[in-house]
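Residue numbers (this note's numbering): 235 to 378. Note that CB positions come from ideal geometry on N, CA and C, so glycine has one too.
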């Protein structure tokens, strides 16, 4: 009898920048594997829309399967915050504490921004702004 030792059932994740692009697809993938996901973005309407959309997708998946992990729990949560600021990172930490009791199994730090020019065309300051995002995982450790 073969058992799958790798499972995301009942695991909790935060996905920054989780309302579009790679962040949204990562959130979908985690949810499809049974995880509970808190997505965050700076735009509250994007967060609300994606939480509703992903929740509907989870409901559809679980209706196609006879049983679903975390069926009684809310599996998609959202937080509007700007993790490029200390206040935003603290707000995210508060949301994680409220949602998961402080227990977090994974952080997908997908947030970032870019400059619409080639690296060689950027000024030193523009390059440093793009590449200097403070790792938000440190904020979780500081608040513990």
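Span of the beta strand (DSSP E) around residue i
i	result
residue 345	No beta strand (DSSP E) holds residue 345; DSSP gives it neither H nor E.
Extent of the continuous alpha helix (DSSP H) run through residue i
i	result
residue 274	Where residue 274 is concerned, there is no enclosing alpha helix (DSSP H), although the beta strand (DSSP E) it sits in stretches over 270-275.
residue 185	The chain is shown from 235 up to 378; residue 185 falls before or after that span and cannot be answered.
Residues near residue i by beta carbon distance below 7 Å, same chain, minus five either side
i	result
residue 335	none
residue 231	Not covered by the structure: residue 231. The range shown for the chain is 235 to 378.
For residue i, the three-state DSSP class (helix, strand or coil)
i	result
residue 253	coil
residue 240	coil
residue 317	coil
Spatial neighbours of residue i in its chain, beta-carbon cut-off 6 Å, leaving aside the 5 residues before and after
i	result
residue 285	310, 312
residue 385	Residue numbering for the chain in the displayed model covers 235 to 378; residue 385 lies beyond these limits and cannot be assessed.
residue 246	270, 334, 338, 339
residue 292	265, 309
Residue i versus the options, residue with shortest Cα-Cα distance
i	options	result
residue 434	282, 266, 263	The shown model of the chain, from 235 to 378, leaves out residue 434, and the question about it has no answer.
residue 267	243, 296, 351	243
residue 276	358, 259, 323	323
residue 248	341, 280, 296	341
residue 257	240, 239, 295, 280	280
Own chain partners of residue i with C-beta closer than 8 Å, once the 5 adjacent residues on each side are dropped
i	result
residue 263	none
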